[in-house]
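Q:
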Amino acid sequence: MDFALTQEHELIREMAYKFGQNEVLPGLAERDREHTSDATMLEKMAEAGILGMSIPEKFHGSNTDYISLGIVCEELERADTTARVVMSVHSGLHCMTILQWGTDEQKERWLPALAKGDRWGAFGLTEPNAGSDASSLRTTATKDGDSYILNGEKTWISLADYAHQFLVIARLANSDLKSPFAAFIVDRNTPGFSSRAIKGKLGVRAGNTGQIFFENMRVPAENMLGEEGDGFKVAMSALDHGRYTVAAGAVGIITACLDASVKYANDRTVQGEAIGKKQLVQQMIASMARGRDIGRLLYYQVGWMKNVGLRHTREVSMAKWTNCEAAFDAANKAVEIHGAYGFSDEFPVERYFRNSRGAMIYEGTHEIHTIMQGEYALGYRSDKPIARNLPTYPFE
Ligand code: CAA
144 MDFALTQEHE LIREMAYKFG QNEVLPGLAE RDREHTSDAT MLEKMAEAGI LGMSIPEKFH
204 GSNTDYISLG IVCEELERAD TTARVVMSVH SGLHCMTILQ WGTDEQKERW LPALAKGDRW
264 GAFGLTEPNA GSDASSLRTT ATKDGDSYIL NGEKTWISLA DYAHQFLVIA RLANSDLKSP
324 FAAFIVDRNT PGFSSRAIKG KLGVRAGNTG QIFFENMRVP AENMLGEEGD GFKVAMSALD
384 HGRYTVAAGA VGIITACLDA SVKYANDRTV QGEAIGKKQL VQQMIASMAR GRDIGRLLYY
444 QVGWMKNVGL RHTREVSMAK WTNCEAAFDA ANKAVEIHGA YGFSDEFPVE RYFRNSRGAM
504 IYEGTHEIHT IMQGEYALGY RSDKPIARNL PTYPFE
């Protein structure tokens, strides 16, 4: 067993940290306050090569391993959740799923532009009446010659107004398959497609989230990932990748909480001494450090499992569940340490508090992951090897 990160991992961490500080943080507090998102951040991510993380060089990607993807997510979310969310939907849910499920022709067709950041990808599973119970989704795909006609709507879609293409899960009309779902790559420039932003969010206010609508939208059959009947598995394996990025990002929030709280605890004095000398403050800081260290181990393990091609649905659920809870707890404690200043957007910790709450809902709620882990432990749920895996690392 080898826990050492490589020099390349450390360089990637430094690059992502600097990107967060230089390109994400400037103007963020205002954008967050005004609920405005900034598409130029995606352009800068593309320029920096971040959008091609963990995609093989033959598809114009960075050729880095999957642990590197996690490290980038951690460092981006240390600056702000909105930057990590871009990685979750573009790299995790969209690109990794094409890498896992796409035919050679599909990978050649889509991955180079996505890896270069010329195109941005997103994910459409959730519907107004289908969140945790994903298989109750109602968007239909009706076969018509060599294409499918999609009708329906998806909600809580990150990058709804920006993404050039979406991985959409639909219910096959008139199907007698046991699992009547299919997954399609849908171009936003298809007649019948529209999107609308969601306003008034508790957190991730500087990020674009919205609804997407399909009205008699014709999608070529060659845009299907996997076969008819594979749609639910494609969605669940997409979540294996998305949850990984969320778990890694949560560690970044904890680190940001620690950075802010350590500084404040050393600067702020009460009764003639820094509040960091108070044991109750030390207890909160220690708890954040514990969350950070456990969180890293959990996501590094999942990154390693991706590298060697092991199914990791249980482990990634554990990492996502544990780290998102730890991030929210750290943010709550950071607000506590900052006292009244923690209640104001003069300091960043109130933003960490709001943003970390969202991650306990998306990509599987706290309750879904609790139930999954209970079922695994009781032997009611187990992970069989799956037919299609991500390419192992090093890539061919
Ligand atoms: N990879 C490949 N196949 C998988 C898989 C995976 N990760 N997970 C499950 N499967 C397969 C199973 O092997 C099974 O196949 P067989 O029938 O051949 O055995 C099939 O898919 C069905 O799997 P399950 O029996 O596990 O399905 P379930 O009905 O028990 O799943 C659930 C229930 C786990 C709660 C699932 O519905 C779930 O995870 N719900 C939460 C959905 C979610 O996270 N939504 C978030 C939306 S996306 C989002 O939030 C993104 C965003 O906004 C940015």
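Be aware that the sequence shown starts at 144, since it is given in my numbering, and climbs by one per residue. All C-beta atoms, glycine included, are put in the ideal place defined by N, C-alpha and C.
Quick test of your reading: V394 and Y442, contact by CB under 8 Å. State the CB separation rounded to the nearest angstrom.
A: With a Cβ gap of about 7 Å, V394 and Y442 count as contacting.
Q: Is S234 helix, strand or coil when you go by DSSP?
A: Looking at S234 - three-state DSSP - the assignment turns out to be helix.
Q: Report the start-end ranges of each alpha helix (DSSP H) in the stretch 176 to 205 that is 4 residues or longer and not cut off at the edges.
A: Fully enclosed alpha helix (DSSP H) runs of 4 or longer: 182 to 190.
Q: Rounding to the nearest angstrom, what Cα-Cα distance links G245 and R386 in this structure?
A: If I take the Cα positions, the gap works out to 20 Å.
Q: Apart from the five residues on each side of it in sequence, which residues of its chain come closer than 6 Å, Cβ to Cβ, to L257?
A: These residues qualify, in order along the chain: C238 and G264.
Q: Where do the ends of the alpha helix (DSSP H) carrying Y209 lie?
A: Segment Y209 to A222, the alpha helix (DSSP H) holding Y209.
Q: Taking G288 as the reference, which of F375, D208, A325 and P363 has the closest Cα?
A: Nearest option by C-alpha distance: P363.
Q: Could you have a look at L291 and say whether DSSP puts it in helix, strand or coil?
A: Checking the displayed sequence, the identity of residue 291 turns out to be Tyr instead of Leu. DSSP places Y291 in strand when its eight states are reduced to three.
Q: Can you confirm whether the stretch 368 to 379 touches the stretch 463 to 478 when touching is taken to mean that 3 or more C-beta pairs between the two stretches lie within less than 8 Å?
A: No contact exists between the stretch 463 to 478 and the stretch 368 to 379.
Q: If you follow the alpha helix (DSSP H) that D373 is part of, which residue opens it and which one closes it?
A: Where D373 is concerned, there is no enclosing alpha helix (DSSP H), given that its DSSP letter is neither H nor E.
Q: Taking the C-alpha atoms as reference points, what is the distance between C400 and E365?
A: Each residue's alpha carbon lies about 46 Å from the other.
Q: Do the CB positions of A285 and A316 come within less than 7 Å of each other?
A: A small fix is needed here, since residue 285 is Thr in this sequence, not Ala. Yes, Cβ-Cβ distance for T285 and A316 is below 7 Å.
Q: In three-state terms, what does DSSP make of A303?
A: A303 falls in the coil class under three-state DSSP.
Q: What do you reckon, is the C-beta of K449 under 6 Å from a heavy atom of the ligand CAA?
A: No, since every heavy atom of the ligand CAA falls outside the 6 Å radius drawn around the Cβ of K449.
Q: Take the Cβ of E220 as the centre, count every other Cβ of all protein chains shown within 10 Å, and call the residue buried at 16 or more, exposed below.
A: So E220 ends up on the buried side.
Q: Where does the unbroken alpha helix (DSSP H) through T456 begin, and where does it stop?
A: Run containing T456: T456 to H481, per the alpha helix (DSSP H) assignment.
Q: Can you tell me whether V451 is buried or exposed? The criterion is at least 16 other CB atoms within 10 Å of its CB, across all chains shown.
A: Per the 10 Å Cβ criterion, exposed.
Q: Going by DSSP, what residues sit across from R589 in a beta bridge?
A: What is shown of the chain runs 144 to 539, which leaves residue 589 out entirely.
Q: Shortest alpha-carbon distance to F327 belongs to which of H307, A303, Q354 and Y291?
A: Among H307, A303, Q354 and Y291, the Cα nearest to that of F327 belongs to Y291.
Q: Would you mind giving the Cβ-Cβ distance between N294 and N359, rounded to the nearest angstrom? I have them listed as a contact below 8 Å.
A: So it is a contact: roughly 6 Å between Cβ atoms.
Q: Rounding to the nearest angstrom, what Cα-Cα distance links I241 and L310 in this structure?
A: Whole-angstrom Cα-Cα distance: 9 Å.
Q: Going by alpha carbons, who is nearest to I437 out of M461, A417 and A403?
A: Measuring from the Cα of I437, the nearest candidate turns out to be M461.
Q: What are the partner residues of Q354, as DSSP defines its beta bridges?
A: For Q354, which the question treats as bridged, DSSP gives the partners R339.
Q: Rounded to the nearest angstrom, what separates A530 and Q243 at their Cα positions?
A: Whole-angstrom Cα-Cα distance: 10 Å.
Q: Since I312 contacts G267 with CB under 8 Å, what's their CB separation in whole angstroms?
A: Between G267 and I312 the Cβ distance is about 7 Å, and since that is below 8 Å, they are a contact.
Q: Within 10 Å of its beta-carbon, does Y523 have 16 or more other beta-carbons around it, so buried, or fewer, so exposed?
A: Y523 should be labelled exposed.
Q: Contact check, R457 vs Y505 under 8 Å by CB: the rounded distance?
A: Not really, about 19 Å apart at Cβ, beyond 8 Å.
Q: If we count the other Cβ atoms within 10 Å of its Cβ and call it buried at 16 or more, is S205 buried or exposed?
A: Buried, because 16 or more other Cβ atoms sit within 10 Å of the Cβ of S205.
Q: For L154, count neighbouring C-beta atoms within 10 Å of its own C-beta (all shown protein chains included) and say buried if the count is 16 or more, exposed if not.
A: Under this definition L154 is an exposed residue.
Q: Would the C-beta of T456 count as close to the ligand CAA, meaning under 6 Å from any of its heavy atoms?
A: It does: the Cβ of T456 is within 6 Å (strictly closer) of some heavy atom of the ligand CAA.
Q: Quick one: Cα of C216 to Cα of M431, how far?
A: Rounded to whole angstroms, C216 to M431 spans 18 Å at the Cα level.
Q: Could you name the residues of the same chain whose beta carbon sits closer than 7 Å to that of M448, not counting the 5 residues immediately before and after it, in chain order?
A: H455 and E458.
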